[in-house]
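**Student:** This note's numbering applies: residue 12 is where the sequence shown begins, and numbers increase by one. We put the beta carbon where it would ideally sit given N, CA and C, even for glycine.
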Amino acid sequence: MLSSMARRIYRFLLFCFCASHVLAADTLYQGGDSLNSSSTLVSKNGLFTLGFTRLGSAESNASYLGIWYNNDTSHPFWLANRDKPISDTSGVLAIDGSGNMKLIYSGGDPVEFYSSQSSATNITAILEDSGNFVLKDENSGSQQVLWQSFDFPTDTFLPGMKLGINHRTGQTWSLMSWLSDLAPTPAGAFTFEWDTNGKELVIKRRDVIYWTTGPLRSNTSFEIPFLDAAVLDFSFINDSNADEDYFMFTVSANQFTPQGQRNFSMWQLEYDGSIVDNTTSRTYGGSTCKGNNTDGGCERWSGPACRSNRNSFELRRGYFVNTVPIKVDDNSSLSISDCMDICWKDCQCVGVPTVGNNANDTGCTFYYGSFTQDLSGNAIQYHIIVQGSTGKRNWIWIILASVGFVSLMGLAGLLWYLRRRRLREKYLNELLTLDSTNDTLELENDGNKGHNLKVYTAATIMAATNSFSADNKLGQGGFGPVYKGKLPDGREIAVKRLSRNSGQGLVEFKNELILIAKLQHMNLVRLLGCCIQGEEKMLVYEYMPNKSLDTFIFDQSKRELIDWKKRFEIIEGIAQGLLYLHKYSRVRIIHRDLKASNILLDGNLNPKISDFGMARIFKINDLEGNTNQIVGTRGYISPEYFMKGIFSVKSDVFSFGVLLLEIVSGRRIQGLLDIDGQPLNLVGYAWELWKAGSPIELVDPILRESCSKDQVLRCIHVGLLCVEDNAVDRPIMSDVISMLTSEAQLPLPKQPAFSNARSIAEEKSFSKPAESGSEETGSINYVSLSTMDAR
């Protein structure tokens, strides 16, 4: 009897020892293996892990069986028991002798994943490289799939998963959000579904459509822009047949190793109703749907008549005056979105906090009364209902009485504009087809026919610049010298004079002139006119009295003249100018030489982007180009351009990121800095401070006492996102502006490019050859745009 008991104890201990050492395996075998709180399964590519993890608030002991990506256990993308958390470490996953796979734990009913209809002896469960946990019958010739986690998604959509319906079994595939970041329970407010009738993706809040992509148009696009599928190598698939109707996506460029240059693509449905793509960290969908907003696929919220068409929720910091929360609901099944919906339907409710009442961030507090906004950054953040303008009755009559007059004026204005545009095109075509400069006087006499450019005579320019006197010389660039001048009407101008040996001919000069005439933005230097006479070719620009940005931020005597408020305005202005070039101008333009010396400042220190001599022009739908001739300035060149000659809007984003860090720090990118004996450039220095948790040390010392700490840290954060090594990881300029001006959570930056001394030595300047008097500090560069074929 004793011998039999000893053998049983030995077998039990051996079983526990084996079960706790499944760490490197990807397969669970029938009859002997089991998975407990001290063991895991890991996919062969090392990207995915199946195991037990604790989720919820600090006080919670809830344990869940889940699959997570890249060692991030904070938010597993699949959970087996999200509705039955385990309160201790007793959970065990195993396949019993009959072929049934169960999750067993103390104090509760087992979670049964698969129940075998007949006795099976060779059942295995494998965690595949796709992140799918699959139960198979190895005895069947085709390794029959008995059960798979992809058929039971939680809140995350992976390549190869399905959204839709199986007509044969009635099973539906959809995502359901967590209730909050701390509550994975399947009671979240939002679902992400495939609408088989409209052939579109929809987000629903409590079964009511909240956001939609619109119909699927192709394998890379929906009616409403949703993800940059072409850039990210996504392929959208809809298969509709008698058995099933589903949507899925595939990614050809996924890297299936931990060392891969790109993340494994997955879309996560957040508890606020938004979709986040982890490859780009960009947010889509419900995060912008807050009331009556119908932009970008949002559906208008249903509500009482008191919520006008112009009402919506906005995130604001502040406090309520002489009031306390009137209504508190501690219901743990209410998410923040539920609280907003309840408040929306209560005509007296003003707003709700961004966090819940309970430990797991659920429950509601409703505020009434007067709200006062506080922009200091220290106040509590709320979702506040912004009231639309009600107007007055007499305004209606005024508007109605004015309709006829406005319509007539609008028609007259349209006719004037069309005539002016025809004259402008005629003028520019005449300029392009000039056979000799003798025709310039004719264009000068014709200069008031509706075009924006003035044709000046050489005599006028000579008089304005005092015969190009040395006292009037502002600087020197690759195009030629730049002179200050004053026209007879008193206007101050800057004249860029084409050097005889510049290599630019008359055709190129005219081409540049025509293209620059198409650029009109408050943050670009404005072209006033030109002069083509004899051998003289000159461009005339508005004069910038404060010269260039580098004369301020890198000059010890002048840097204090630009405080943090002005520096942030300069950052915003540069970003707006770049966005115009990339997206809103008549032709898409990549600047390729954005730097501090090419940012000019007007009398009010407003920034103007200048010097387009290295710019490239794209067709509006072209995304990138390639060249064998690398141009630019040391420190500002993106890695893909430096190494492969590939440039795109993301090349300018990289340069903007460097410039942003320079403005914040008051340091040049080329200057060597030192941390623990390691020589670093400015980007590397910023990265090391970020990793050390002390990015505030990067800030220009004269700003540290006066700047907004939250704002300046956000700028450093955005700057590091802009200089990331992979172009696809960098934001586009519209996202940069949104990041700088909102309080939304930002993705964590990755290791930036060109951040150590070796990179500094390897990276060379490909700028135009320096000429006499041309220096990086205090340089004056005015526009000269080169036209290139789009690629």
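(1) Would you mind sorting Phe124 into buried or exposed? The rule is 16 or more other CB atoms within 10 Å of its CB.
(2) For the region 646–660 against the region 599–617, are there 3 or more C-beta pairs whose distance is under 8 Å?
(3) Look at Cys375 and Cys317 and say whether their C-beta atoms are less than 9 Å apart.
(4) For Ile771, is the classification buried or exposed, using 16 other Cβ atoms within 10 angstroms of its Cβ as the cut-off for buried?
(5) Check whether the region 184–192 touches the region 359–375, counting contact only when three or more Cβ pairs, one atom from each stretch, lie closer than 8 Å.
(6) In whole angstroms, give me the CA-to-CA distance for Gly421 and Tyr494.
(7) Quick check on Cys300: does DSSP put it in helix, strand or coil?
(8) What is the C-beta distance between Thr135 and Tyr40, in whole angstroms, given that I count them as a contact (C-beta under 8 Å)?
(9) Within its chain, find whatever has a CB closer than 8 Å to the CB of Ala764; leave out the 5 residues flanking it on each side and keep chain order.
(10) Out of curiosity, what's the CA-to-CA distance linking Met549 and Leu426?
(11) Can you tell me where the alpha helix (DSSP H) holding Ile713 begins and where it ends?
(12) Please confirm whether Glu580 and Leu616 have their CB atoms less than 9 Å apart.
(13) Using a 10 Å radius around the Cβ and a threshold of 16 neighbouring Cβ atoms, would you call Gly402 buried or exposed?
(14) If Leu672 and Gly730 are in contact, beta carbons under 8 Å, what's the gap, nearest whole angstrom?
(15) Select from Asn150, Asp561, Leu46 the residue whose C-alpha is nearest the C-alpha of Thr100.
(16) If you scan the region 93–131 from start to end, which runs of the beta strand (DSSP E) of 3 or more residues do you find wholly inside it?
(17) Looking at the unbroken alpha helix (DSSP H) that takes in Tyr696, where does it start and where does it end?
(18) To the nearest whole angstrom, what separates the beta carbons of Asp254 and Asn177, a pair I think is in contact under 8 Å?
(19) Tell me whether the beta-carbon of Leu146 lies closer than 9 Å to the beta-carbon of Leu157.
(20) In angstroms with no decimal places, state the Cα-to-Cα distance between Ser744 and Trp222.
(21) Could you name the residues that DSSP lists as bridge partners for Arg627?
(22) Would you report the Cα separation of Leu280 and Thr207, rounded to the nearest angstrom?
(23) Per DSSP, what kind of secondary structure is Ala194 in: helix, strand or coil?
(24) Considering Thr471, what are the terminal residues of the beta strand (DSSP E) in which it resides?
(25) Between the C-alpha atoms of Gly614 and Leu572, what's the straight-line distance to the nearest angstrom?
(26) Looking at the unbroken beta strand (DSSP E) that takes in Ala505, where does it start and where does it end?
(27) Met256 and Gly175 look like a contact to me (Cβ under 8 Å); what is the Cβ gap, rounded to whole Å?
(28) Can you round the beta-carbon distance between Phe258 and Leu326 to whole angstroms, since I take them to be within the 8 Å contact cut?
(29) Counting along the chain, where does the beta strand (DSSP E) carrying Ser381 start and finish?
(30) Taking Ile748 as the reference, give the member of Leu757, Asp349, Ile395, Ala586 with the closest Cα.
(31) Hey, which unbroken runs of the alpha helix (DSSP H) at 4 residues or more fall wholly within the region 529–553?
(32) So, at 7 Å on beta carbons, what are the nonlocal neighbours of Asp341 in its own chain, with the 5 sequence-adjacent residues on each side left out?
(33) Ends of the beta strand (DSSP E) at Leu76?
(34) Report all residues from its chain with a CB closer than 6 Å to the CB of Glu773; omit the five preceding and five following residues, and keep chain order.
(35) What are the boundary residues of the beta strand (DSSP E) that Glu708 is part of?
(36) Restricting to Cα atoms, I'd like to know which of Asp566, Glu234, Phe260, Pro236 is closest to Phe244.
**Tutor:** Taking the structure as given:
(1) Mapped onto the sequence shown, residue 124 falls at position 113. Burial call: buried.
(2) The region 646–660 vs the region 599–617: in contact.
(3) Taking the sequence shown and counting its residues from 1, the one referred to as residue 375 is at position 364. Taking the sequence shown and counting its residues from 1, the one referred to as residue 317 is at position 306. No.
(4) The residue given as residue 771 occupies position 760 in the sequence shown. Legend: pLDDT at Ile771 = 41, less than 50; position of this residue unreliable, value from coordinates given subsequently. When all chains shown are included, Ile771 counts as buried.
(5) Contact check between the region 184–192 and the region 359–375: three or more CB pairs, one atom from each, fall below 8 Å, which counts as touching.
(6) Position 410 of the sequence shown, counted from the start, is the residue given in the question as residue 421. Position 483 of the sequence shown, counted from the start, is the residue given in the question as residue 494. Cα to Cα, Gly421 sits roughly 42 Å from Tyr494.
(7) To locate residue 300, count along the sequence shown from 1; it is residue 289. It is coil, neither helix nor strand.
(8) By one-based count along the sequence shown, residue 135 stands at place 124. By one-based count along the sequence shown, residue 40 stands at place 29. Contact holds; Cβ gap of about 6 Å.
(9) Position 753 of the sequence shown, counted from the start, is the residue given in the question as residue 764. Taken in chain order, the residues that qualify are Ser649, Pro650, Phe665, Val694, Val734, Glu735, Asp736, Ser770.
(10) By 1-based counting over the sequence shown, the position of residue 549 is 538. By 1-based counting over the sequence shown, the position of residue 426 is 415. A direct Cα-to-Cα measurement between Met549 and Leu426 gives close to 33 Å.
(11) Position 702 of the sequence shown holds residue 713. That residue, Ile713, is in no alpha helix (DSSP H); it is neither H nor E in DSSP.
(12) By one-based count along the sequence shown, residue 580 stands at place 569. By one-based count along the sequence shown, residue 616 stands at place 605. Against a cut-off of 9 Å, the Cβ pair of Leu616 and Glu580 comes out as a contact.
(13) Within the sequence shown, residue 402 is the residue found at index 391, counting from 1. Low confidence applies here, because Gly402 scores a pLDDT of 42, under 50, leaving its location unreliable; read the following figure in that light. Result: exposed.
(14) Taking the first residue of the sequence shown as 1, we reach residue 672 at position 661. Taking the first residue of the sequence shown as 1, we reach residue 730 at position 719. Gly730 and Leu672 do touch by the CB rule: their CB atoms are close to 4 Å apart, below 8 Å.
(15) In the sequence shown, counting from the first residue as 1, residue 100 sits at position 89. Nearest to Thr100 by alpha-carbon distance, out of Asn150, Asp561, Leu46, is Leu46.
(16) Qualifying beta strand (DSSP E) stretches, in chain order: 103–106, 112–115, 122–125.
(17) As a working note, residue 696 is residue 685 in the sequence shown. It spans 693–702 - the alpha helix (DSSP H) in which Tyr696 sits, taken as one unbroken run.
(18) Indexing the sequence shown from 1 puts residue 254 at position 243. Indexing the sequence shown from 1 puts residue 177 at position 166. Right, their Cβ atoms sit about 7 Å apart.
(19) As a working note, residue 146 is residue 135 in the sequence shown. As a working note, residue 157 is residue 146 in the sequence shown. In this structure, Leu157 lies closer than 9 Å to Leu146 by Cβ.
(20) As a position in the sequence shown, residue 744 is number 733, starting the count at 1. As a position in the sequence shown, residue 222 is number 211, starting the count at 1. Residue 744 is actually Met in this sequence, not Ser. Going from the Cα of Met744 to the Cα of Trp222 covers about 25 Å.
(21) As a first step, residue 627 must be located in the sequence shown, where it is residue number 616. Answer is Ile601, bridged to Arg627.
(22) Position 269 of the sequence shown holds residue 280. Position 196 of the sequence shown holds residue 207. Those two C-alpha atoms are separated by around 20 Å.
(23) As a working mapping, residue 194 is identified with position 183 in the sequence shown. The three-state secondary structure of Ala194, taken from DSSP, is strand.
(24) Here residue 471 refers to the residue found at position 460 of the sequence shown. If you look at Thr471, you'll find it isn't in any beta strand (DSSP E); it sits in the alpha helix (DSSP H) that goes 469–475.
(25) Within the sequence shown, residue 614 is the residue found at index 603, counting from 1. Within the sequence shown, residue 572 is the residue found at index 561, counting from 1. Each residue's alpha carbon lies about 13 Å from the other.
(26) Taking the first residue of the sequence shown as position 1, residue 505 is located at position 494. Residues 503–508.
(27) For the purposes of this step, residue 256 is taken as residue 245 along the sequence shown, with counting starting at 1. For the purposes of this step, residue 175 is taken as residue 164 along the sequence shown, with counting starting at 1. Looking at the sequence shown, residue 256 is not Met but Asp. That belief holds up - the Cβ atoms of Asp256 and Gly175 are roughly 5 Å apart, short of 8 Å.
(28) The residue labelled residue 258 in the question sits at position 247 within the sequence shown. The residue labelled residue 326 in the question sits at position 315 within the sequence shown. The pair is not a contact, with the Cβ atoms about 32 Å apart (cut-off 8 Å).
(29) By one-based count along the sequence shown, residue 381 stands at place 370. Judged by DSSP secondary structure, Ser381 falls within the beta strand (DSSP E) whose first and last residues are 381–384.
(30) Residue numbering aside, residue 748 sits at position 737 when the sequence shown is read from its first letter. Considering only Leu757, Asp349, Ile395, Ala586, the residue with the shortest C-alpha distance to Ile748 is Ala586.
(31) Taken in chain order, the whole alpha helix (DSSP H) runs of length 4 or more contained in the region 529–553 number zero.
(32) Translated into positions along the sequence shown, residue 341 becomes position 330. Non-local C-beta neighbours of Asp341 in its own chain, meaning closer than 7 Å and more than five positions away in sequence, comprise Asn368, Asn369, Gly374, ordered along the chain.
(33) Taking the sequence shown and counting its residues from 1, one reaches residue 76 at position 65. It spans 74–80 - the beta strand (DSSP E) in which Leu76 sits, taken as one unbroken run.
(34) What you label residue 773 is simply residue 762 of the sequence shown in a count that begins at 1. In this prediction, Glu773 has a pLDDT of 44, which is less than 50 and means its spatial position is unreliable; nothing more can be read from the coordinates.
(35) Looking up residue 708 in the sequence shown gives position 697. For Glu708, there is no enclosing beta strand (DSSP E), as DSSP gives it neither H nor E.
(36) Translated into positions along the sequence shown, residue 244 becomes position 233. The question names Phe, yet the displayed sequence has Asp at residue 244. The shortest CA-to-CA distance from Asp244 to any of Asp566, Glu234, Phe260, Pro236 is the one to Phe260.
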